[in-house]
Amino acid sequence: MTGDREIIVLAVASAIVTANAYYIHPIIGDVARDFAVSDGLIGIVPALNQIALALGVLLLLPLADRVNNRLLVTLCLSVQVAALVAMALTPHFALFVTASTLLGFFTVTPYLLPAYASRRIAPSRLGYATALLTTGVIAGVQVSRLAAGVIGEYADWRLVYWGAAVLMAIAAVSLPRMMVAEKPPEGAPRYVQLLISMFDLATSHPRLMVSGVIQGINLAGFIALWLGISLHLTSDTLGHGSDLVGYLTAFSAIGLLTTTRLGQWADRTGAEKARLLMATCQFGGVMLLWTAQHNWVFLLPPLAIMSIVGPIIDVTGRMTGLQELPAIRTRLMSLYVSVMFTGAGIGSWAGTMAYDHGSWRGMVLLLSSFTFLVWLLSFQQWRQRRKPIGASP
69 MTGDREIIVL AVASAIVTAN AYYIHPIIGD VARDFAVSDG LIGIVPALNQ
119 IALALGVLLL LPLADRVNNR LLVTLCLSVQ VAALVAMALT PHFALFVTAS
169 TLLGFFTVTP YLLPAYASRR IAPSRLGYAT ALLTTGVIAG VQVSRLAAGV
219 IGEYADWRLV YWGAAVLMAI AAVSLPRMMV AEKPPEGAPR YVQLLISMFD
269 LATSHPRLMV SGVIQGINLA GFIALWLGIS LHLTSDTLGH GSDLVGYLTA
319 FSAIGLLTTT RLGQWADRTG AEKARLLMAT CQFGGVMLLW TAQHNWVFLL
369 PPLAIMSIVG PIIDVTGRMT GLQELPAIRT RLMSLYVSVM FTGAGIGSWA
419 GTMAYDHGSW RGMVLLLSSF TFLVWLLSFQ QWRQRRKPIG ASP
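For the sequence shown, counting from 1, position 248 maps to 316 in the numbering used here; every step adds exactly one.
Encoded structure:
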């Protein structure tokens with residue numbers, strides 16, 4: 069069985085890998101100016117990265133049910149190191165986008181590890197372990213944006229990707245060494261059969277698929293928010309540096325202090341009920357963003373609320389898949405994460421386009437719509453789940 073120390077190591081690895089997708093957030097304005105592209109066009113970088121991640125999870129993650137997880141992790145991390153080096157070196161926007169997209173396609177490690185860990189812990193600790201791994205993902209997001217914001221303000225933004233390449237090289241060497249080389253289960257289906265089985269799993273697990281849609285919309289809003297904050301604060305109108313975006317990220321790290329305990333609360337409360345309560349709180353937080361158009365100080369209350377409740381929407385969504393049979397958990401997480409990051413890709417481009425055409429108000433209006441949909445679907449799932457078996461719809 070995997071103990072707390074091993075789970076923490078997996079969480080740190082998840083943080084390092086997850087960070088790669090979020091370095092762009094505080095420096096997106098600097099990157100756009102360096103490559104001489106518009107605020108709308110620069111959104112293609114995070115958008116294609118997230119969509120490629122969705123495809124990578126869909127096509128690569130099912131391999132974890134058939135091949136050695138340690139070997140798969142080694143391959144993915146090695147390719148990501150090369151992609152980061154390319155992003156740091158290239159003077160061409162098209163090549164930068166290509167390398168970022170390749171980086172996203174092989175970002176499957178953080179989404180392989182929850183299923184890997186779930187096979188090595190007691191079922192009663194599933195919410196705790198999932199929340200701890202999610203905390204690692206959150207830490208990667210927060211630290212990456214803080215570091216990128218400060219480095220982008222006081223040095224060259226390309227230095228961000230050189231540092232990321234070093235961290236990834238360390239992870240590529242150390243993480244596989246501590247993972248257990250699990251043998252695939254006897255009679256494991258062929259890769260093509262695994263892919264075909266994804267369609268059957270999608271139709272036979274509607275609860276998980278709706279959870280993926282909910283988290284996809286939730287993550288779309290999350291990414292749209294931070295891209296909008298970065299473009300708004302570093303615009304000519306407000307004139308702040310990218311370091312302020314990083315400092316706001318550090319403030320939003322308050323979620324790191326609460327996610328694990330709220331994961332334990334979700335174990336007791338139930339996934340659907342906990343998600344509905346968190347979605348309700350999040351909608352209230354988004355409404356406060358309307359007050360922050362002219363002064364960044366008014367971002368603090370909504371960021372605090374959203375940083376605390378947002379991750380639990382993800383945790384509760386993952387719980388709906390990790391409670392299923394161990395043999396299919398990795399493929400169920402593939403479906404969940406693929407849907408989630410498809411939404412994130414849409415949100416990345418939608419967020420920059422909304423800001424490009426409607427400034428701060430356009431971005432907040434988009435985010436309000438996303439958050440309302442999250443609440444509405446969460447309410448529908450809670451209401452359906454609490455009905456007695458055999459009750460009419």
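Glycine included, each C-beta is placed from N, C-alpha and C at the ideal position.
Here the structure is a predicted model, which means the values were calculated and not measured.
Check	Outcome
Report yes if the CB atom of THR302 is closer than 8 Å to the CB atom of GLY296, and no otherwise.	no
Is it a yes or a no for the segment 158-166 touching the segment 102-122, going by three-plus beta-carbon pairs under 8 Å?	yes
Applying the 10 Å Cβ sphere with the 16-neighbour rule, what's the burial state of ARG451?	exposed
To the nearest whole angstrom, what separates the beta carbons of VAL165 and CYS144, a pair I think is in contact under 8 Å?	Actually they are not in contact, since the Cβ atoms of VAL165 and CYS144 sit about 20 Å apart, beyond 8 Å.
Which value, in whole angstroms, describes the spacing of the CA atoms of ARG329 and ILE285?	24 Å
Run through DSSP, which three-state label would ASN117 get?	helix
Might you give, ordered along the chain, the residues of its own chain that have their beta carbon closer than 6 Å to the beta carbon of ALA83, omitting 5 neighbours on each side?	GLY204, ALA207, GLY208
Less than 8 Å between the CB atoms is what I'm expecting for LEU170 and ALA151, so what's the real figure, rounded?	5 Å
The alpha helix (DSSP H) that contains MET408, what's its start and end?	397-453
At what residues does the alpha helix (DSSP H) containing ALA492 begin and finish?	Residue 492 cannot be examined here, being either before or after the span of the chain that is shown, 69 to 461.
Could you compute how far the alpha carbon of ILE95 sits from the alpha carbon of ARG258?	43 Å
Please state the DSSP three-state secondary structure of ASP107.	coil
Near SER146, what residues of its chain come up, given a Cβ to Cβ distance below 6 Å and the 5 sequence neighbours on each side ignored?	ALA240
May I have the straight-line CA-CA distance separating LEU299 from ASP107, to the nearest angstrom?	8 Å
Could you check which residue in VAL278, GLN118, GLU74 has the C-alpha nearest to that of ASN88?	GLN118
Would you kindly work out how many angstroms separate the C-alpha atoms of TRP230 and ALA156, rounded to a whole number?	6 Å
Count the CB pairs spanning the segment 212-222 and the segment 305-319 that are closer than 8 Å, and state whether there are at least three.	yes
Using the C-alpha atoms, what's the distance from VAL405 back to VAL281?	10 Å
Below 8 Å between beta carbons: does that hold for ALA197 and ILE75?	yes
Using CA coordinates, which residue listed in VAL80, SER437, MET431, PHE173 is at the minimum distance from ALA292?	MET431
Start and end of the alpha helix (DSSP H) containing VAL354?	339-355
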